[in-house]
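Residue numbers (the UniProt record's numbering): 1 to 386.
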């Protein structure tokens with residue numbers, strides 16, 4: 001009799017619709033969803049759609065691919081195409097971002113969902129790929145005038161046009177306050193930066209010939225073509241030099257090993273979660289036609305190490321080579337442990353290299369043969385409430 005009563009109680013209880021769930025509970029659910037599931041969930045009903053307007057998808061750690069439009073666009077529509085690996089058969093179109101997006105060499109850096117754009121070295125600005133919000137940066141024209149005024153004819157001859165280059169640009173932006181810092185090498189002449197509120201570019205003293213830079217946690221990590229490595233603290237009004245040493249770069253020379261031959265082509269800095277600095281050497285293995293890597297620790301903030309040591313294991317971190325940082329690796333949430341993530345512009349593919357197995361494998365691939373585009377770039381999006 002008790003069992004029959006329990007069954008009757010369950011049967012007589014009115015069913016609860018998904019639409020009747022409390023709004024704050026639905027918002028909590030939305031905040032734990034990936035971008036793809038977020039898009040699916042908000043179409044369940046009108047109340048869920050309303051909840052989605054008060055939430056943002058989880059910033060799960062997945063690279064997206066962006067395709068830039070061609071300059072000879074017949075429709076005069078310069079929107080970009082975005083691919084999310086979570087949705088292999090779907091792509092997104094941005095708003096019309098302007099003709100300057102039709103030339104990939106003007107897209108110079110990414111941070112979250114933001115791009116740093118330069119327009120023939122006359123204008124630079126930040127733009128959000130999802131909201132189309134734009135932040136104008138100080139004019140470059142004044143910087144060029146300063147160069148013309150304060151360099152000798154001999155120096156100009158040595159630069160020989162290289163002053164037009166934007167070298168190793170990096171930036172950071174706060175999604176809420178829109179505070180930012182943008183740093184780049186003005187050719188081989190100097191390194192400049194600008195923060196929110198600045199009306200002109202500021203030179204960082206005593207650094208030039210920029211080779212590679214990383215910005216993380218208000219610190220700039222700098223390496224030049226003469227193998228000089230420096231760390232600057234940018235948390236105050238004026239950059240402060242806190243460390244200096246020599247870090248050798250591989251000069252892209254062929255080396256023969258017993259079973260393989262490789263070309264050491266690229267050296268990059270990577271800053272870990274704890275502030276250690278790694279030198280990552282990216283090598284093309286000619287025998288297998290694939291990429292390989294060698295990782296060395298060149299600086300540790302606790303000991304200020306000055307002697308390089310080989311790193312074979314990253315513990316619970318993985319390297320995002322394009323961003324120059326490591327992140328906490330969670331196999332269930334995006335990144336695999338002890339792995340280097342890097343992109344190949346020629347193949348438009350994101351790859352992984354496992355330091356343990358020493359194997360390189362493609363991470364995400366898309367069929368983009370039907371799209372007309374001038375270039376492609378991988379980025380790691382962040383989502384905020386707008």
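Quick reminder that beta carbons are idealized off the backbone N, C-alpha and C, glycines included.
For the pair residue 195 and residue 78, the Cα-to-Cα distance works out to about 29 Å. Beta-bridge pairing by DSSP links residue 91 to 83.
Shown here for residue 214: same chain residues with a beta carbon closer than 6 Å to its own, the five before and five after excluded, namely 221, 269, 271, 324 in chain order. Residue 173 sits in a strand when the DSSP states are folded into three classes.
In this structure, the alpha-carbon of residue 67 lies about 18 Å from that of residue 382.
With contacts defined by Cβ atoms closer than 7 Å, residue 335 and residue 318 form a contacting pair. In this structure, residue 300 places its C-beta atom within 7 Å of the C-beta atom of residue 276. By the criterion of a C-beta distance shorter than 8 Å, residue 309 is surrounded in its chain by 296, 297, once the five residues flanking it on both sides are discounted.
CA-CA distance, residue 54 to residue 185, rounds to 40 Å. Unbroken beta strand (DSSP E) stretches of 3 residues or longer found wholly inside the segment 159 to 234: 166 to 173, 180 to 186, 190 to 195, 210 to 216, 219 to 224, 228 to 233, given in chain order. Listed as beta-bridge partners of residue 352 by DSSP are 341, 361. For the pair residue 380 and residue 63, the CB atoms are nearer than the 7 Å cut-off.
In this structure, the CA atom of residue 80 is about 30 Å from the CA atom of residue 198. Secondary-structure assignment with DSSP links residue 335 through no beta bridge to anything. Classified as buried, residue 118 has 16 or more neighbouring CB atoms from the shown chains inside 10 Å of its CB. With fewer than 16 other Cβ atoms from the protein chains shown falling within 10 Å of its own Cβ, residue 205 counts as exposed. Here residue 238 is exposed, its C-beta having fewer than 16 other C-beta atoms within 10 Å. Taking C-beta atoms under 8 Å as the contact rule, residue 168 and residue 211 qualify, at a distance of about 7 Å. The beta carbons of residue 82 and residue 376 sit about 11 Å from each other, so the pair does not count as a contact at 8 Å.
At least 7 Å separates the beta-carbon of residue 360 from that of residue 284.
In the structure shown, residue 108 adopts extended strand secondary structure according to DSSP, grouped into three states.
In the structure shown, residue 49 adopts helical secondary structure according to DSSP, grouped into three states. DSSP places residue 130 outside any beta strand (DSSP E), giving it a letter other than H or E. Annotation for residue 310: the continuous beta strand (DSSP E) segment containing it runs 309 to 311. In terms of CA proximity to residue 368, 89 leads the group 28, 89, 46. Close CB contacts of residue 42 within its chain, under the 7 Å cut and outside five residues either way in sequence, are with 48, 49, 52 (chain order). By the Cβ neighbour-count rule, residue 244 is exposed, with fewer than 16 other Cβ atoms within 10 Å of its own.
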